[in-house]
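Engineer: So the sequence shown is residues 0 to 243, counted in numbering that gives the first Met the number 0. For glycine and all other residues, C-beta sits at the position ideal for the given N, C-alpha and C. Supplied in structure tokens, the structure appears directly below.
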Amino acid sequence: MKQGYFKVIENEKLCENVYKMRLLGDVSGITNAGQFINVKIDGVYLRRPISVCDLDENSVTIIYKVVGKGTEILSNLKEGALDVLTGLGNGYDLSLSGSEPLLIGGGVGVPPMYLLAKRLISENKKVTVVLGFNKKEEVFFEEEFKKLGANVIVTTVDGSYGVKGFVTDAITNLNYTYFYTCGPEPMLKAIYNTVKTSGEFSFEERMGCGFGACMGCSCKTLYGNKRICKDGPVLKKEEIIWEK
Ligand SMILES: Cc1cc2nc3c(=O)[nH]c(=O)nc-3n(C[C@H](O)[C@H](O)[C@H](O)COP(=O)(O)OP(=O)(O)OC[C@H]3O[C@@H](n4cnc5c(N)ncnc54)[C@H](O)[C@@H]3O)c2cc1C
Ligand code: FES
Numbered sequence: 000m001k002q003g004y005f006k007v008i009e010n011e012k013l014c015e016n017v018y019k020m021r022l023l024g025d026v027s028g029i030t031n032a033g034q035f036i037n038v039k040i041d042g043v044y045l046r047r048p049i050s051v052c053d054l055d056e057n058s059v060t061i062i063y064k065v066v067g068k069g070t071e072i073l074s075n076l077k078e079g080a081l082d083v084l085t086g087l088g089n090g091y092d093l094s095l096s097g098s099e100p101l102l103i104g105g106g107v108g109v110p111p112m113y114l115l116a117k118r119l120i121s122e123n124k125k126v127t128v129v130l131g132f133n134k135k136e137e138v139f140f141e142e143e144f145k146k147l148g149a150n151v152i153v154t155t156v157d158g159s160y161g162v163k164g165f166v167t168d169a170i171t172n173l174n175y176t177y178f179y180t181c182g183p184e185p186m187l188k189a190i191y192n193t194v195k196t197s198g199e200f201s202f203e204e205r206m207g208c209g210f211g212a213c214m215g216c217s218c219k220t221l222y223g224n225k226r227i228c229k230d231g232p233v234l235k236k237e238e239i240i241w242e243k
């Protein structure tokens, strides 16, 4: 984990309540796709965890949805610097992907799929990405994934764009060697019950400290209790116990 100050160099609205922010600073703490950063926001008590969406030598990109006070304040930032903890969480294990990995992102679970897709494609993997949203107005990053060279399928619950239904409706007839997913828990659970291969789930659990100290994000797995922030947020399919 590294702490540093990052300059806000972009904070652009992508669609209704969803923003893309680019932060300039020391990104050397970030290694894996699926890791997250923890942002200190003036006006709220706890830091807010947000997944790494993209990365280059000196900047990190995040995509966030405005759901409460912290993200509302963030969306109004035009310039300045943010105190950020980087390199948090384990991230996805790319070595298990096989030749044709399937990536499934739902809503604000889409952003971590971007860096993952980018890295898998750079390893010559044939990547299919399924992006799930409620309606057309919420769709973002379809073109960005296509530009990477991924096969992209968009689903909307109301059928206003792409395949009508849930991401699980789009994956039943696909062939793939392994899967990676991130999104709301009901979606993750439905995927667990649909997928045909092994794979990995990223959980966006509510957090306290975000770096393993408070046990506030502890969950039961088949291999004992794990802290989502430190031992996760990515868990393997074989270790998950659904408690709810
Ligand atoms: C590892 C990780 C990665 C994440 N990545 C992203 C991301 O890439 N993009 C993104 O938009 N969000 C992401 N989140 C969720 C994000 O952290 C919360 O939306 C944010 O902290 C809300 O802060 P707030 O002050 O705006 O809302 P608050 O005022 O704290 O909460 C407003 C409402 O949102 C609900 N809420 C807050 N946090 C969560 C959560 N983690 N899960 C479900 N409901 C929540 C609250 O229950 C409340 O109803 C991630 C969370 C984790 C743990
Ligand atoms: S949030 Fe404190 S241990 Fe995970």
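1) Please state if the CB of T171 and the CB of G164 are separated by a distance shorter than 7 Å.
2) Taking only three categories from DSSP, how would you classify V227?
3) Taking just the CA atoms, how far does E203 sit from L73?
4) State the CB to CB distance for the pair S201 and C216, rounded to an integer number of angstroms; the pair is presumed to be in contact (CB under 8 Å).
5) With a threshold of 6 Å, establish whether the CB of G90 neighbours any heavy atom of ligand 2.
6) Count the CB pairs spanning the region 65–72 and the region 2–9 that are closer than 8 Å, and state whether there are at least three.
7) Counting only runs of 3+ residues fully inside the region 85–161, write out the beta strand (DSSP E) ranges in chain order.
8) Would a C-beta distance cut-off of 7 Å place P183 and G105 closer than the cut-off?
9) Residue range of the alpha helix (DSSP H) that E184 falls in?
10) Heavy atom of ligand 2 less than 6 Å from the Cβ of M0, yes or no?
11) Can you confirm whether the region 85–103 touches the region 116–125 when touching is taken to mean that 3 or more C-beta pairs between the two stretches lie within less than 8 Å?
12) Quick one: what's got a C-beta closer than 6 Å to M186's C-beta in the same chain, skipping five residues either side?
13) Near T20, which residues of its chain fall below 6 Å by C-beta distance, leaving aside the five closest residues on each side in sequence?
14) Using 8 Å for Cβ pairs, my map puts F178 next to G198. What's the rounded Cβ distance?
15) Based on the DSSP secondary-structure assignment, which residues constitute the bridge partners of A80?
16) Measuring alpha carbon to alpha carbon, tell me which of A149, E136 and E78 ends up nearest Y113.
17) Regarding E184 and ligand 1, is the C-beta to nearest heavy atom distance less than 6 Å?
18) According to DSSP, is E238 helix, strand or coil?
19) Within the same chain, show all residues whose beta-carbon is closer than 6 Å to that of G207, passing over the 5 residues directly before and after it, in chain order.
20) If you count every other CB in all the chains shown that lies within 10 Å of the CB of S50, and 16 or more means buried, which is it?
21) Taking the straight line between their C-alpha atoms, what separation do you get for K188 and V26?
22) Please state whether DSSP places T220 in a helix, a strand or coil.
23) Could you tell me the alpha carbon to alpha carbon distance between K146 and Y160, rounded to whole angstroms?
24) Hey, would you say I40 sits closer than 7 Å to V83, going by beta carbons?
25) Rounding to the nearest angstrom, what Cα-Cα distance links E143 and K1 in this structure?
26) Along the chain, where does the alpha helix (DSSP H) that runs through L23 open and close?
Structural biologist: Judging by the given coordinates:
1) Here the question's residue 164 lines up with position 165 in the sequence shown. Here the question's residue 171 lines up with position 172 in the sequence shown. When the beta-carbon positions are compared, G164 and T171 stay at least 7 Å from each other.
2) Looking up residue 227 in the sequence shown gives position 228. The question names Val, but residue 227 is Ile in the sequence shown. In the structure shown, I227 sits in coil (DSSP, three-state: anything other than H, G, I, E or B).
3) Locating residue 73 in the sequence shown gives position 74, where the first residue counts as 1. Locating residue 203 in the sequence shown gives position 204, where the first residue counts as 1. Straight across, the Cα-Cα distance linking L73 with E203 is about 18 Å.
4) Walking along the sequence shown from the start, residue 201 turns up at place 202. Walking along the sequence shown from the start, residue 216 turns up at place 217. Actually they are not in contact, since the Cβ atoms of S201 and C216 sit about 13 Å apart, beyond 8 Å.
5) Taking the first residue of the sequence shown as 1, we reach residue 90 at position 91. With a cut-off of 6 Å, the C-beta of G90 is classified as distant from ligand 2, since no heavy atom of the ligand falls inside that distance.
6) Under the three-pair Cβ rule at 8 Å, the region 65–72 does not count as touching the region 2–9.
7) Fully enclosed beta strand (DSSP E) runs of 3 or longer: 100–105, 127–132 and 150–155.
8) Reading the sequence shown from its first residue, position 184 is the one you call residue 183. Reading the sequence shown from its first residue, position 106 is the one you call residue 105. Yes, the pair counts as a contact, with Cβ atoms nearer than the cut-off.
9) Against the sequence shown, residue 184 aligns to sequence position 185. Where E184 is concerned, the enclosing alpha helix (DSSP H) stretches over E184 to Y191.
10) By one-based count along the sequence shown, residue 0 stands at place 1. No, since every heavy atom of ligand 2 falls outside the 6 Å radius drawn around the Cβ of M0.
11) Touching, yes, given that three or more Cβ pairs across the two stretches are closer than 8 Å.
12) Taking the first residue of the sequence shown as position 1, residue 186 is located at position 187. Excluding sequence neighbours, M186 sits near G105.
13) Sequence index remark: in the sequence shown, residue 20 carries index 21 (1-based). Residue 20 is actually Met in this sequence, not Thr. Leaving aside the five residues that flank M20 on each side, the residues in its chain whose CB is nearer than 6 Å to its CB run, in chain order, N10 and I61.
14) On the sequence shown, residue 178 is found 179 positions in, with the first residue counted as 1. On the sequence shown, residue 198 is found 199 positions in, with the first residue counted as 1. The Cβ separation is near 3 Å, so the contact holds.
15) As a working note, residue 80 is residue 81 in the sequence shown. A80 is bridged by DSSP to K6.
16) As a working note, residue 113 is residue 114 in the sequence shown. Of A149, E136 and E78, the residue nearest in Cα terms is A149.
17) Along the sequence shown, one-based indexing puts residue 184 at 185. No; taking the cut-off as 6 Å, the Cβ of E184 has no heavy atom of ligand 1 nearer than that.
18) Walking along the sequence shown from the start, residue 238 turns up at place 239. Of the three classes helix, strand and coil, the one that applies to E238 here is helix, per DSSP.
19) For the purposes of this step, residue 207 is identified with residue 208 of the sequence shown, where counting begins at 1. These residues qualify, in order along the chain: C213 and G215.
20) Sequence index remark: in the sequence shown, residue 50 carries index 51 (1-based). Per the 10 Å Cβ criterion, buried.
21) Counting from one through the sequence shown, the residue named residue 188 turns up at place 189. Counting from one through the sequence shown, the residue named residue 26 turns up at place 27. Taking the straight line from one Cα to the other gives about 33 Å.
22) One-based indexing of the sequence shown puts residue 220 at position 221. Under the three-state reduction of DSSP output, T220 falls in the strand class.
23) In the sequence shown, counting from the first residue as 1, residue 146 sits at position 147. In the sequence shown, counting from the first residue as 1, residue 160 sits at position 161. If you take the alpha carbons of K146 and Y160, they lie about 19 Å apart.
24) Numbered from 1 along the sequence shown, position 41 holds the residue referred to as residue 40. Numbered from 1 along the sequence shown, position 84 holds the residue referred to as residue 83. The answer is no: Cβ separation not under 7 Å.
25) In the sequence shown, counting from the first residue as 1, residue 143 sits at position 144. In the sequence shown, counting from the first residue as 1, residue 1 sits at position 2. The C-alpha of E143 lies about 29 Å from the C-alpha of K1.
26) As a first step, residue 23 must be located in the sequence shown, where it is residue number 24. Residue range V17 to L23 is occupied by the beta strand (DSSP E) that includes L23, with no alpha helix (DSSP H) assigned at that position.
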